[in-house]
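K.L.:
I'd like to ask you about the structure that follows.
Number of protein chains: 2
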Amino acid sequence: MADVWDCYHWDLAAVEDQILSNIGSDVPLVREIATFVLQGEGKRVRPLLLLLSARLCGCQGHEMHALASFVEYIHTATLLHDDVVDDAGFRRGKEAAHRLWGNQSSILVGDYLYTKAVRSIVDFRIHELNSVIAESVQRMTEGEIMQISLNCHKSVLSQTEYIQMVERKTGALIAAACQMGAILADADASDQEALFQFGLLLGTAYQIVDDMLDYVGQGDRLGKTLGNDIRQGKITLPLLHLLHHVDEIRRGDVQAVLEQSHVDHGDIERIVALMNEYGSVQYSMTIAREYVDKAKSALVGFGESTAKQALYIAANYMTTRDH
Amino acid sequence: MADVWDCYHWDLAAVEDQILSNIGSDVPLVREIATFVLQGEGKRVRPLLLLLSARLCGCQGHEMHALASFVEYIHTATLLHDDVVDDAGFRRGKEAAHRLWGNQSSILVGDYLYTKAVRSIVDFRIHELNSVIAESVQRMTEGEIMQISLNCHKSVLSQTEYIQMVERKTGALIAAACQMGAILADADASDQEALFQFGLLLGTAYQIVDDMLDYVGQGDRLGKTLGNDIRQGKITLPLLHLLHHVDEIRRGDVQAVLEQSHVDHGDIERIVALMNEYGSVQYSMTIAREYVDKAKSALVGFGESTAKQALYIAANYMTTRDH
Chain C
2 MADVWDCYHW DLAAVEDQIL SNIGSDVPLV REIATFVLQG EGKRVRPLLL LLSARLCGCQ
62 GHEMHALASF VEYIHTATLL HDDVVDDAGF RRGKEAAHRL WGNQSSILVG DYLYTKAVRS
122 IVDFRIHELN SVIAESVQRM TEGEIMQISL NCHKSVLSQT EYIQMVERKT GALIAAACQM
182 GAILADADAS DQEALFQFGL LLGTAYQIVD DMLDYVGQGD RLGKTLGNDI RQGKITLPLL
242 HLLHHVDEIR RGDVQAVLEQ SHVDHGDIER IVALMNEYGS VQYSMTIARE YVDKAKSALV
302 GFGESTAKQA LYIAANYMTT RDH
Chain Y
2 MADVWDCYHW DLAAVEDQIL SNIGSDVPLV REIATFVLQG EGKRVRPLLL LLSARLCGCQ
62 GHEMHALASF VEYIHTATLL HDDVVDDAGF RRGKEAAHRL WGNQSSILVG DYLYTKAVRS
122 IVDFRIHELN SVIAESVQRM TEGEIMQISL NCHKSVLSQT EYIQMVERKT GALIAAACQM
182 GAILADADAS DQEALFQFGL LLGTAYQIVD DMLDYVGQGD RLGKTLGNDI RQGKITLPLL
242 HLLHHVDEIR RGDVQAVLEQ SHVDHGDIER IVALMNEYGS VQYSMTIARE YVDKAKSALV
302 GFGESTAKQA LYIAANYMTT RDH
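So the protein lines, in turn, are chains C and Y.
Each residue of the first sequence is one higher than the one before, starting from 2 at the first, in the numbering used here.
Each residue of the second sequence is one higher than the one before, starting from 2 at the first, in the numbering used here.
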């Protein structure tokens with residue numbers, strides 16, 4: 002992956018520049034919070050995939066850097082709202098914005114970044130871009146709501162429901178980023194569709210791995226503590242696998258933990274030990290790898306190129322990253 | 002105003018129908034909350050003004066009803082977020098959604114309604130509509146943020162700052178609604194601009210009156226208690242006027258109340274009595290009337306018609322309504 006960062010160093014630096022220079026509000030609090038949340042720490046997965054998709058389809062122009070920055074604004078807006086929704090303490094290794102400026106500011110600056118992105122994207126005056134981004138953001142929001150409503154009815158969550166939620170919550174925006182790169186390059190409908198599918202499958206893998214890492218990360222490495230999802234009563238794939246495979250007595254024990262208002266370190270350790278015994282983390286990784294493989298095969302119609310190579314490497318990175 | 006509701010009864014019923022039928026999510030919790038917040042109680046000011054603007058410019062088609070419903074979605078999204086930001090107990094005479102479903106759901110269903118509206122508006126495939134709505138929502142969000150940041154620095158808020166905030170917070174979307182009606186009717190740029198100005202001025206008047214009514218409403222008539230803005234430390238025009246005109250000792254007393262963590266009924270009564278003594282509520286009404294007059298004069302270029310008459314009546318209604 003380091004080669005990809007190297008090879009597209011200039012493109013990524015241009016995006017970074019656009020991210021900070023496009024905030025553009027004359028309200029000081031907007032600039033202050035937006036700059037804080039946008040500065041530095043993000044992996045910029047969505048901008049990178051947009052750039053590579055655009056390059057794959059032969060795009061030469063510079064608009065892709067601005068467009069990529071707006072996709073990162075939308076992603077950042079969802080992070081701001083998620084952190085309020087989850088009452089998260091840390092984000093990207095630093096204190097979460099709502100802890101510093103309050104929930105009010107986080108909700109409203111999230112709204113601002115989202116509206117700024119929409120405003121800037123419609124200024125491209127390309128109907129296809131508008132449709133793709135609007136559709137994806139709608140699905141993303143539905144995914145978030147599915148998550149909180151599924152968590153209220155813990156017993157009924159199936160793997161299919163989990164995947165549907167993940168496809169919307171994370172897949173939709175990554176799919177849109179890839180398709181938007183293709184649209185900017187004036188790619189034909191089938192190339193656009195292939196890149197949309199690539200992004201959807203890869204985004205799904207990305208979230209599965211993210212959820213899995215909650216059970217293998219080392220404390221502050223993720224900027225949050227191990228087993229945080231359990232503390233929030235969030236059921237993700239490893240836990241789902243465990244609940245479906247563990248014997249009835251231990252299942253009762255796990256479910257009792259999920260219903261506790263306070264989950265302590267011992268509870269988490271017990272559940273993680275069970276997950277290791279039943280291969281639940283392993284299972285998540287297998288499913289994630291399947292999605293990565295399907296994503297890569299969506300690109301089979303494209304000829305060989307540096308950009309295609311980079312997309313393959315980025316795809317593999319999803320299941321090899323440790324944060 | 003009753004004549005306007007009568008005369009455009011059919012148009013408004015069509016909008017009401019669109020409001021409920023366009024929610025269109027297959028996620029049950031989205032449908033449940035969105036239906037709850039959209040049902041019945043709203044005054045539908047923005048849809049009405051969009052319809053009248055469209056009619057004024059000769060629009061005959063039916064798309065205006067759908068477009069008006071999407072503007073109401075955006076307005077409702079901001080109400081959902083505002084109620085979380087303000088921790089409001091009631092909205093439109095019924096318990097606020099976040100009290101029933103939690104802050105999480107209110108934030109996310111607000112996001113959903115906003116993204117659904119954007120998604121539906123871009124489907125019209127009219128670039129001007131996209132620009133107008135995106136610009137207005139961005140300004141609206143900035144207005145909300147200005148409000149919370151100005152309230153943090155109470156001493157420096159001037160009337161100019163208050164007006165700038167109100168123009169963004171409320172004027173921007175009403176201005177957009179009016180201009181969108183004109184765009185749908187294929188009106189020329191000067192008619193579009195006139196309706197934009199009409200909406201901006203009228204929306205500003207509307208918010209000034211709304212803020213003023215916080216000090217003259219009778220308890221539950223507004224679905225919230227008298228002087229609620231003081232409880233939230235929100236400085237609006239009557240209070241601003243009072244602070245600028247009252248003698249120094251009493252100003253100190255008022256400012257001390259604003260800084261208290263708990264404001265009781267006696268505090269509010271004392272401040273309202275001072276406002277009456279200094280004519281602060283009266284003053285707000287005078288300013289609001291000036292804005293209404295300026296709004297009406299923005300329409301001077303349009304020939305006489307039922308729609309123009311209705312817009313004049315709607316404009317006057319802003320300063321005669323009692324809720």
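We put the CB at the ideal spot given by N, CA and C, even for glycine.
1) How would you list, in chain order, the residues of chain Y whose beta-carbon sits under 7 Å from the beta-carbon of LYS117 (chain C)?
2) Straight-line CA distance for GLY59 (chain Y) to TRP6 (chain C)?
3) If you pair each beta-carbon of the stretch 196 to 203 of chain C with each one of the stretch 236 to 244 of chain C, do three or more pairs fall below 8 Å?
4) What separation, rounded to the nearest whole angstrom, lies between the Cα atoms of ASP87 (chain C) and GLN148 (chain C)?
5) Mind checking which residues open and close the alpha helix (DSSP H) that includes ASP192 (chain Y)?
6) Between LEU130 (chain Y) and the rest of its own chain, which residues show a CB-CB distance below 7 Å, the 5 nearest in sequence each way excluded?
7) Buried or exposed: which applies to ASP12 (chain C), given that a residue is buried once 16 or more other Cβ atoms fall within 10 Å of its Cβ?
8) Looking at the C-beta of SER262 (chain Y), does it have a partner C-beta in chain C at a distance below 7 Å?
9) For MET147 (chain Y), return the contacting residues in chain C, with the cut-off set at a CB-CB distance below 9 Å.
10) Whose CA, out of Y:ASP27, Y:LEU52 and Y:TYR113, lies closest to the CA of HIS82 (chain C)?
11) Does the Cβ-Cβ distance between GLU143 (chain C) and ARG169 (chain C) come in under 7 Å?
12) Kindly indicate if chain C contains any beta-carbon less than 7 Å away from that of TYR163 (chain Y).
13) Could you have a look at GLU96 (chain C) and say whether DSSP puts it in helix, strand or coil?
14) Tell me, to the nearest whole angstrom, how far the beta carbon of LYS44 (chain C) is from that of TYR74 (chain C); I am working on the premise that it is less than 8 Å.
15) If we define contact as Cβ-Cβ less than 7 Å, is THR320 (chain Y) a contact residue for chain C?
16) What three-state label does DSSP hand TYR9 (chain C) in the structure shown?
17) Going along chain Y in order, which residues have a C-beta closer than 9 Å to the C-beta of GLU64 (chain C)?
18) Measure the CB-CB distance between VAL210 (chain Y) and ALA299 (chain Y) and report whether it falls below 7 Å.
19) Does DSSP put LEU312 (chain Y) in a helix, a strand or coil?
20) If you draw a straight line from the alpha carbon of ILE134 (chain C) to that of LEU50 (chain C), how long is it in whole angstroms?
21) Tell me the start and end of each unbroken alpha helix (DSSP H) in the stretch 60 to 92 of chain C that is at least 4 residues and wholly inside, in chain order.
22) Quick one: any contact between the stretch 170 to 180 of chain C and the stretch 99 to 110 of chain C, if contact means 3 or more CB pairs under 8 Å?
23) Closest Cβ-Cβ distance between ARG120 (chain Y) and chain C: below 7 Å?
24) Determine the direct distance from the alpha carbon of ALA98 (chain C) to that of PHE37 (chain C), and round the result to whole angstroms.
25) Starting from THR142 (chain Y), find everything on chain C with Cβ-Cβ shorter than 8 Å and list it in chain order.
26) Is the shortest distance between the beta-carbon of ARG56 (chain C) and the beta-carbons of chain Y less than 7 Å?
27) In this structure, how does DSSP classify ARG45 (chain Y) when only helix, strand and coil are distinguished?
28) Can you say whether ALA308 (chain C) is buried or exposed, counting buried as having 16 or more other CB atoms within 10 angstroms of its CB?
29) What does GLU136 (chain Y) reach in chain C if we use C-beta pairs closer than 7 Å?
30) Work out the CA separation of SER22 (chain C) and CYS179 (chain C) for me, nearest whole Å.
31) Is the CB of HIS99 (chain C) under 7 Å away from at least one CB in chain Y?
32) What residue range does the alpha helix (DSSP H) around ARG32 (chain C) cover?
33) Can you tell me which of the three DSSP states THR116 (chain Y) falls into?
34) Which complete alpha helix (DSSP H) runs does the stretch 223 to 270 of chain C hold, if anything under 4 residues is left out?
35) Under the three-state reduction of DSSP, which class applies to SER298 (chain C): helix, strand or coil?
36) Please check the pair TRP102 (chain Y) and ILE20 (chain Y), which I expect to be a contact at CB under 8 Å, by giving their CB distance rounded to whole angstroms.
P.N.:
In short, the structure shows the following:
1) GLN139
2) 56 Å
3) no
4) When rounded, the distance between both Cα atoms is 11 Å.
5) 190 to 214
6) ILE122, MET181 and ILE184
7) ASP12 (chain C) sits buried, since 16 or more C-beta atoms from the chains shown fall within 10 Å of its C-beta.
8) no
9) VAL28, LEU30 and VAL31
10) Y:TYR113
11) yes
12) no
13) It is a strand residue.
14) Contact doesn't hold; Cβ gap of about 15 Å is too wide.
15) no
16) DSSP, read as helix, strand or coil, puts TYR9 (chain C) in coil.
17) Within 9 Å Cβ-Cβ: nothing; GLU64 (chain C) doesn't reach chain Y, min ~16 Å.
18) no
19) In the displayed model, LEU312 (chain Y) falls within a helix according to three-state DSSP.
20) Approximately 15 Å between the Cα atoms of the pair.
21) 64 to 87
22) In the pairwise beta carbon analysis, the stretch 170 to 180 of chain C is classified as not touching the stretch 99 to 110 of chain C: fewer than three pairs are separated by under 8 Å.
23) yes
24) 8 Å
25) LEU109, ASP112, TYR113 and THR116
26) no
27) coil
28) buried
29) Those are ARG120, listed as they occur along chain C.
30) Rounded to whole angstroms, the separation of the alpha carbons of SER22 (chain C) and CYS179 (chain C) is 23 Å.
31) no
32) 29 to 39
33) helix
34) 229 to 232, 238 to 246 and 249 to 260
35) helix
36) That belief does not hold up - the Cβ atoms of TRP102 (chain Y) and ILE20 (chain Y) are roughly 20 Å apart, past 8 Å.
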